[in-house]
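> This is the structure I have questions about; it appears just below.
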Amino acid sequence: MSSSILEVSGLEKHFGGVYVTCNIDFSMQEGEQSAIIGPNGAGKSTFMNLLTGYHRPDAGRVVFAGKDITGMPPHRVVRCGISRAFQVSSIFGRMTVGDNVRAAVQAQMRVTFRLFASARSLGAEETERVLTLCGLQAKRDLMAGELAQGDKKRLELAIALAGRPRLLFLDEPTAGMSIEEARSTMELVDRLNRELKLTVLFTEHDMGIVFNHARRLTLLHRGAIVVQGTPEEVRANETAQKVYLGEHHL
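The sequence shown finishes on residue 261 if you use my numbering, and the numbering steps up by one all the way, no holes.
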């Protein structure tokens, strides 16, 4: 049976007296692929920011792989084995695909440069591994800024994988994509989850993507969890239909 890799208890955050995260209890099993859904302003981004160190919670705990990471800064959260690919592109458009990945790999390596060591050769094997995982070998010499939207997302995933994370957060991974690009991107996410046993949590407004690729859903509304369960359970839930799914005609 899978073991719990993420445990969140009593998590709260407020800004100026307004609670945007309200007493959230949440957990994930290792190897699980789940989605956070909810209307705009539901608190999805704030919740992810709390888990990844971009916000400090006002109350509650976040435990990852048995370690309390509550309030850790983002760079320490990454070192613990958590990575995140943002909705807003984080790639360097004037660098090649290969150099983007290489820079991410080198940033994760705890090494001291030796005199005359080649920066380009440092992390070459890991760079090749990540490029291969994400199907970017043939595009390694292209400028990142010239990639199609779907390939940019593949590159962002490659960058997020540079540190060999155990848990990956994805903010709206198919935003701005064509139907074919979205399908290809989520097939890649599914494969990474399956082959690497990578735990994946993503937010997404496209309910077709959500119901086809998440095995468990959590619906947030006004900063609180409304319902959790399998896609079928959430779809059948009357409250879920009222606060969110009904507008998607699901």
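Note that the Cβ used here is the ideal one computed from N, Cα and C, for glycine as well.
Note that this is a predicted model, so its numbers are computed, not measured.
Go through its chain and collect everything with a Cβ distance to Glu-243's Cβ below 8 Å, but skip five positions before and after it.
As a working mapping, residue 243 is identified with position 232 in the sequence shown. Same-chain partners within the cutoff: there are none.
> Below 8 Å between beta carbons: does that hold for Leu-178 and Phe-37?
Sequence index remark: in the sequence shown, residue 178 carries index 167 (1-based). Sequence index remark: in the sequence shown, residue 37 carries index 26 (1-based). With a cutoff of 8 Å on beta-carbon distance, Leu-178 and Phe-37 are scored as not near each other.
> Out of Ser-45, Ala-159, Gly-82, Ala-96, which one is the CA nearest neighbour of Leu-212?
Numbered from its first residue, the sequence shown carries residue 212 at position 201. The residue with the shortest Cα to Cα distance from Leu-212 is Ser-45.
> Can you find at least 3 beta carbon pairs, one from the segment 195 to 204 and one from the segment 101 to 118, that sit closer than 8 Å?
Put simply, the segment 195 to 204 does not touch the segment 101 to 118. Fewer than three CB pairs are less than 8 Å apart.
> Given Gly-49, which residues of its chain have a CB within under 7 Å of its CB, disregarding the five upstream and five downstream residues?
Along the sequence shown, one-based indexing puts residue 49 at 38. Annotation for Gly-49: Lys-55, Leu-230, Leu-231, His-232, Tyr-255 place their beta carbon closer than 7 Å to its own, counting only its chain and skipping 5 residues before and after.
> Indicate the three-state DSSP secondary structure (helix, strand or coil) for Phe-222 in the structure shown.
In the sequence shown, the residue the question calls residue 222 occupies position 211. Three-state result, Phe-222: helix.
> Give the DSSP-derived three-state secondary structure of Ile-47 in the structure shown.
Here residue 47 refers to the residue found at position 36 of the sequence shown. Ile-47 falls in the strand class under three-state DSSP.
> Buried or exposed for Arg-205, please, with buried defined as at least 16 other CB atoms from any protein chain shown within 10 angstroms of its CB.
Residue mapping note: residue 205 aligns to position 194 of the sequence shown, counting from 1. With fewer than 16 Cβ atoms within 10 Å of its Cβ, Arg-205 is classed as exposed.
> Report the rounded CA-to-CA distance for Tyr-30 versus Glu-136, giving the unit in angstroms.
For the purposes of this step, residue 30 is identified with residue 19 of the sequence shown, where counting begins at 1. For the purposes of this step, residue 136 is identified with residue 125 of the sequence shown, where counting begins at 1. About 46 Å.
> To which residues of the same chain is Gly-1 closer than 7 Å at the C-beta, ignoring the five residues directly before and after it?
It is not possible to answer for residue 1, since the shown part of the chain is limited to 12 through 261.
> On the three-pair Cβ rule with 8 Å, is the segment 72 to 91 touching the segment 190 to 197?
no
> So, with DSSP's three-state summary, where would you put Arg-205?
By one-based count along the sequence shown, residue 205 stands at place 194. In the structure shown, Arg-205 sits in a helix (DSSP, three-state: H, G or I).
> Could you check how far apart the C-beta atoms of Leu-172 and Leu-166 are, in whole angstroms? I think they sit under 8 Å.
On the sequence shown, position 161 is the one that residue 172 refers to. On the sequence shown, position 155 is the one that residue 166 refers to. The beta-carbon separation of Leu-172 and Leu-166, rounded to 11 Å, does not stay under the 8 Å limit for a contact.
> Under a three-way DSSP split, which group does Glu-183 fall into?
As a first step, residue 183 is located in the sequence shown; it is residue number 172 there, counting from the start. Coil at Glu-183, not helix or strand.
> Distance, Cα to Cα, Asp-79 vs Val-237?
Against the sequence shown, residue 79 aligns to sequence position 68. Against the sequence shown, residue 237 aligns to sequence position 226. Their Cα atoms are separated by approximately 26 Å.
> Taking the alpha-carbon positions, what's the Gln-148 to Gly-64 distance?
The residue you call residue 148 lines up with position 137 of the sequence shown. The residue you call residue 64 lines up with position 53 of the sequence shown. Their backbone Cα atoms lie some 32 Å apart in a straight line.
> Count the other CB atoms within 10 Å of the CB of Gly-104; is the residue buried (16 or more) or exposed (fewer)?
Residue 104 sits at position 93 when you count from the first residue of the sequence shown. Under this definition Gly-104 is an exposed residue.
> Can you find the residues in the same chain that come closer than 7 Å, C-beta to C-beta, to Gly-82, ignoring five residues on each side of it along the sequence?
For the purposes of this step, residue 82 is taken as residue 71 along the sequence shown, with counting starting at 1. Cβ within range, chain order: Arg-67, Pro-68.
> So the candidates are Gly-219, Gln-252, Leu-168, Arg-151; which of them puts its Cα closest to the Cα of Val-196?
Position 185 of the sequence shown, counted from the first residue, corresponds to residue 196. According to the sequence provided, residue 196 is Thr. The question's Val does not apply to it. For the residues Gly-219, Gln-252, Leu-168, Arg-151, the minimum Cα distance to Thr-196 belongs to Leu-168.
> In the DSSP assignment, what are the bridge partners of Ile-35?
If you number the sequence shown from 1, residue 35 lands on position 24. Ile-35 is bridged to Leu-22.
> Are the CB atoms of Thr-107 and Met-59 nearer to each other than 8 Å?
Here residue 107 is taken as the residue at index 96 of the sequence shown, counted from 1. Here residue 59 is taken as the residue at index 48 of the sequence shown, counted from 1. Not a contact, by the Cβ cut-off of 8 Å.
> Taking the C-alpha atoms as reference points, what is the distance between Cys-145 and Lys-163?
Residue mapping note: residue 145 aligns to position 134 of the sequence shown, counting from 1. Residue mapping note: residue 163 aligns to position 152 of the sequence shown, counting from 1. Cα-Cα distance, rounded: 11 Å.
> For Gln-252, which of Met-218, Asn-223, His-224 has the nearest alpha-carbon?
Taking the sequence shown and counting its residues from 1, the one referred to as residue 252 is at position 241. With distances taken between Cα atoms, Gln-252 lies closest to Met-218.
> Taking the alpha helix (DSSP H) that Ser-56 falls in, what are its first and last residues?
For the purposes of this step, residue 56 is taken as residue 45 along the sequence shown, with counting starting at 1. Segment 55 to 62, the alpha helix (DSSP H) holding Ser-56.
> Cβ atoms of Cys-91 and Ala-235: under 8 Å apart, would you say?
Looking up residue 235 in the sequence shown gives position 224. Looking up residue 91 in the sequence shown gives position 80. No. Outside cutoff.
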